[in-house]
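A.B. asks:
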Ligand SMILES: Nc1ncnc2c1ncn2[C@@H]1O[C@H](COP(=O)(O)OP(=O)(O)OP(=O)(O)O)[C@@H](O)[C@H]1O
Ligand SMILES: [Mg+2]
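Chains as they are written, first to last, in the working numbering: chain A, 1 to 241; chain B, 1001 to 1462.
And the structure:
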C-alpha cells in the first residue's frame, strides 16, 4: 500500500512567460485520497492539467506507476488510466448523458460499459433519470455528477477531481464525497482532488497539500491540517459545512 | 420586433396606414439601392462607344415589388403568422408525429427509385431526359457531396472550405486513368475514392493543429492549389482545355451505352435508340452512391469513431483526456469525407464525359457547404432537403420562361441564380437559424435500450 502511484517532482509550468507552477513536489500513494487546497489562482488546476500533459511541464518530472509521463501526449497519459473531472466540467453539451458516459468508456471500447454504467447510476441515480437528456441542458450539479461519472467510466487507477463540490448542494457534496470514499475503500481507487470546500475535503483525505502562488507551502495528514491554525484562518473559518 | 405582438392588437385602420408607410419606405430604399444597378445599363454600340441605357421600366418593377411586398408582409403576412403561432401554442403538443413525417426517408427513397419511371410516363422517353438528368442527377450529385462534406463539417466539426478539391481529384483520377490505362469505371471508382482519401490525409496533416477560421482559410487555399495545379500542369491535365472523351460507364461490363458497341443496351433489349437509358442508368448509379454515403454515415455515427467525431466537435481537450487520439480521429474524418468527394467526382467525370478546372472553383465548395449548413449540420434528411431546394430551385429557374414576359425578353433567369441562392439562405437562416433539421439525433436510443446494449457488448468483445 505504501508504494507511490503519482509523483510530481520540481514541476514548473508556464503559460507563455508566466510561471504558474514554481517547482511543485507532490506524492500520491496507491489507495490514498489526497487533497490540494489553496486560494484562487494558486495553480491548483494548472497542476491537475500538467499531470494530464496539457500544458506540459517545462521543467521537472511527473512519474506515474514508475513511468515518466512528463512528455507523453495527453491521450497516452489517459491510457495509463489517469482520469480527470476537470475544472469547468467539460462534458459534451450536445450529446446525451448516456453518450457522454459512453465517451468515458472509450478506452476499453465499451467492453465493460453495461456493467459500469449501472454502477454510475447507483452512485448518481439522477443521471439515470436524465440519461436521454442533452448534457448541456443539465443543471450545474447534474453536470458535475456527469463529469465525475464520465471520469469513472474509464476505470481509472488515479482519479483527478478539480473542485468536485462546485455548484452542488451540501447534501449532494456529502453524497459525492462519501461515494469517493467508498470507491477508495472498496476498489482501492486512488484519488487526488482539488477543493475549495476545504473542510469536507480534509476530513475525508489521508493527506493534503496547501498551495500558494504556484508552490506547495504545507503538507500533512488531513487531520493535522484541519487542526493547523494557519489553515483554519485561511481556508476554513466561516466556511464550515 | 418587440412591438410585433402589439401590432396584431392594433386597430385594422392604423395597421393599414402603418403598412402603407412601411411599403413606401421599402420602395424608397429599393429605389436608392437599384437606381444605379438596375436603372442604368452600359453597353457598347457599333463604334465601340460606351452608351448608357436607361431601364426605367425594370427599375419600376423592382421598386414596386419591394413596396408591395413590404406592404403585404406588414399588413397581412405578419398578423397571419402571429395568429397561426398563437393557435399552435394554444393547441396541445401532439405526442405522435404524423405517418409521413416518421417515414419521410423511406417514402423519399421509394419516390426516388420510381422517379425516372414517373418522368417517362409523364413526359415520354425523350421528354424525361431533362427531368432525370438536369434535375434528378444534378441534385443527387450535390446531395452526395453535401453528405460527404457533412462527415467533415457536420460530424467532426472541421470547417472545410476546400472540399471541391477532392471532387476534382476524383474526377481527374477517373478521367486520366481511364484514358491512359483504359480501366473501367468500376475499377476506377474505388481507386478514385482511395486517391481522394489519400489527398484528404495529405491536407489533414498540416492543418491538424488549426481550428475554426484558420482551418477554413487553409482548406480554402488547398482547394485553390489543386485547381491551379490542374490548370498549370498542362502535360498531364491539358490545362484549361480540360480532358474530353471520357469513356462512358457500362452496366457492370455486361451492357455498354456506346452506340457502336455490339452489346449496346438498347440493342440488347430491342429498344429504340435513345440517350435516355444512359441517363436513367446514371440516375440510379448516383442514387446508389448517395445512399451508400448515407448508409456509411449512419453506421459510422453509431460506431465509436462517429461518436468520437461528434465529441471532438464539442470539446477536443476533453476528448484527449479521455484517451482519444484526436490526430487520427481528425485524419479519418478528413479522409472518409474526401473519399466520398472522390466517388462523386468520378461520377461527375463519367456523366459529363469532360472535365476541366472550371468545374472545381471555390463557388462549388461554398455551395456544398451552404447546403450542409442550411440542412442543419449533421442531419442527413435536412441536407437532402436543402440540396433539393437550393439546386432544384436554381435549376427550375431556367424553366421559368414567364419571367421573361415580366422583365423583358433579354432577362436570363440563370444569371439571378446566385441572387436567389443568397436570398434563400437569408430567409432560411432567419426562419430556422440552425438549419432545416437543427436538432441532433442521439445515437443511442434509449427506448430500444436492449438492442443497443446488445450491439455494444458485441463491439466490445470483437
Ligand atoms: N490558459 C492560461 N493562460 C494564461 N494564464 C493562465 C491560464 N490558465 C491559468 N492561468 C493563470 O495561472 C494561474 C493559476 O491558475 P489556476 O487555474 O491553476 O488556478 P487555481 O488554483 O485552479 O484557481 P481557482 O481556485 O480559482 O480555480 C492564475 O494566475 C491564472 O491566471
Ligand atoms: Mg482551478
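Think of the CB as a built atom: it goes at the ideal place given N, C-alpha and C, for glycine as much as any other residue. Every value quoted in this text rests on a predicted model; they were computed, and no experiment measured them.
When DSSP labels each residue in this structure, what does residue 67/A get in the three-state scheme?
C.D. replies: strand
A.B. asks: If you reduce the DSSP assignment to three classes, tell me which class residue 1315/B lands in.
C.D. replies: Here residue 1315/B sits in coil by DSSP.
A.B. asks: Name, please, each residue of chain B whose Cβ falls closer than 9 angstroms to the Cβ of residue 54/A.
C.D. replies: 1317, 1320 and 1321, listed in chain order.
A.B. asks: Spell out whether any CB of chain A is found under 8 angstroms from the CB atom of residue 1311/B.
C.D. replies: yes
A.B. asks: Taking just the CA atoms, how far does residue 91/A sit from residue 1159/B?
C.D. replies: 22 angstroms
A.B. asks: Please report whether the beta-carbon of residue 163/A lies at a distance below 8 angstroms from any beta-carbon of chain B.
C.D. replies: no
A.B. asks: With DSSP collapsed to three states, give me the class of residue 193/A.
C.D. replies: Three-state result, residue 193/A: strand.
A.B. asks: Pairs of beta-carbons, one from the region 113-122 of chain A and one from the region 144-155 of chain A, closer than 8 angstroms: are there three or more?
C.D. replies: yes
A.B. asks: Using the beta-carbon count (16 or more within 10 Å), is residue 96/A buried or exposed?
C.D. replies: buried
A.B. asks: Let me make sure I understand the geometry here. Which of 213/A, 63/A and 235/A has the alpha-carbon closest to that of residue 20/A?
C.D. replies: When C-alpha distances from residue 20/A are compared across 213/A, 63/A and 235/A, the shortest belongs to 213/A.
A.B. asks: Give me the Cα-Cα distance between residue 1393/B and residue 1200/B, rounded to the nearest whole angstrom.
C.D. replies: So the two alpha carbons sit approximately 31 angstroms from each other.
A.B. asks: Taking C-beta to C-beta, are residue 1249/B and residue 1176/B nearer than 8 angstroms?
C.D. replies: no
A.B. asks: By a C-beta neighbour count over all protein chains shown, 10 Å radius and 16 as the cutoff for buried, is residue 1207/B buried or exposed?
C.D. replies: buried
A.B. asks: For the alpha helix (DSSP H) that contains residue 1171/B, what are its first and last residues?
C.D. replies: Secondary structure note for residue 1171/B: its alpha helix (DSSP H) is the uninterrupted segment 1164-1181.
A.B. asks: Of all Cβ atoms in chain A, is any one closer than 8 angstroms to the Cβ of residue 1441/B?
C.D. replies: Not one chain A Cβ lies under 8 angstroms of residue 1441/B.
A.B. asks: Return the chain-ordered ranges of every alpha helix (DSSP H) run that is complete within the region 201-238 of chain A and spans a minimum of 4 residues.
C.D. replies: Fully enclosed alpha helix (DSSP H) runs of no fewer than 4 residues occupy 222-227 of the region 201-238 of chain A, in order along the chain.
A.B. asks: Tell me which residues pass a beta-carbon proximity test against ligand 2: closer than 7 angstroms to any heavy atom, given in chain order.
C.D. replies: 44/A, 45/A, 87/A, 162/A, 163/A and 194/A
A.B. asks: Which same chain residues end up closer than 7 angstroms to residue 970/B when comparing Cβ atoms and leaving out the 5 residues on each side of it in sequence?
C.D. replies: Since the first residue shown for chain B is 1001 and the last is 1462, residue 970/B is missing from the structure and cannot be characterised.
A.B. asks: Using C-beta distances below 7 angstroms, list every residue in its chain close to residue 1332/B, excluding the 5 sequence neighbours before and after it, in chain order.
C.D. replies: 1305
A.B. asks: Please list the terminal residues of the continuous alpha helix (DSSP H) segment that includes residue 115/A.
C.D. replies: 113-123
A.B. asks: Note down, in chain order, each residue of its chain lying with its Cβ closer than 6 angstroms to the Cβ of residue 1197/B, except the 5 sequence neighbours on either side.
C.D. replies: 1335, 1338 and 1339
A.B. asks: Nearest by alpha-carbon distance to residue 1399/B: which of 1384/B, 1387/B and 1416/B is it?
C.D. replies: 1416/B
A.B. asks: From residue 1292/B to residue 1368/B, what does the alpha carbon distance come to, in whole angstroms?
C.D. replies: 18 angstroms
A.B. asks: Any beta-carbon of chain A closer than 8 angstroms to the one on residue 1298/B?
C.D. replies: no
A.B. asks: Please determine, among 156/A, 106/A, 125/A and 98/A, the residue with the shortest C-alpha to C-alpha distance to residue 136/A.
C.D. replies: Ranking the options by Cα distance to residue 136/A, first place goes to 98/A.
A.B. asks: Give the single residue among 1145/B, 1146/B and 1157/B whose Cα lies nearest to the Cα of residue 1463/B.
C.D. replies: No information on residue 1463/B is available, as it lies outside the stretch 1001 to 1462 that chain B covers here.
A.B. asks: Taking 8 angstroms as the cut-off, decide whether the C-beta atoms of residue 1023/B and residue 1071/B are in contact.
C.D. replies: yes
A.B. asks: Quick one: which chain A residues come within Cβ less than 9 angstroms of residue 1383/B?
C.D. replies: Correct list: empty, because the minimum Cβ distance to chain A is about 17 angstroms.
A.B. asks: What span of residues does the alpha helix (DSSP H) with residue 1217/B cover, start to end?
C.D. replies: 1212-1232
A.B. asks: Could you pull the DSSP bridge partners for residue 1026/B from this structure?
C.D. replies: Partner(s): none; residue 1026/B has no beta bridge.
A.B. asks: Please give the ranges of any alpha helix (DSSP H) in the region 1046-1112 of chain B, keeping only runs that are unbroken, at least 4 residues long and fully inside the region.
C.D. replies: 1056-1072, 1078-1090 and 1099-1102
A.B. asks: Hey, would you say the C-beta of residue 40/A is under 7 angstroms away from at least one heavy atom of ligand 1?
C.D. replies: yes
A.B. asks: Using three-state DSSP, classify residue 29/A as helix, strand or coil.
C.D. replies: Residue 29/A falls in the strand class under three-state DSSP.
A.B. asks: Would residue 65/A and residue 79/A be called neighbours here (beta carbons separated by less than 8 angstroms)?
C.D. replies: no
A.B. asks: Report all residues from its chain with a CB closer than 6 angstroms to the CB of residue 143/A; omit the five preceding and five following residues, and keep chain order.
C.D. replies: 89 and 91
A.B. asks: Can a CB atom of chain A be found closer than 8 angstroms to the CB of residue 1304/B?
C.D. replies: yes
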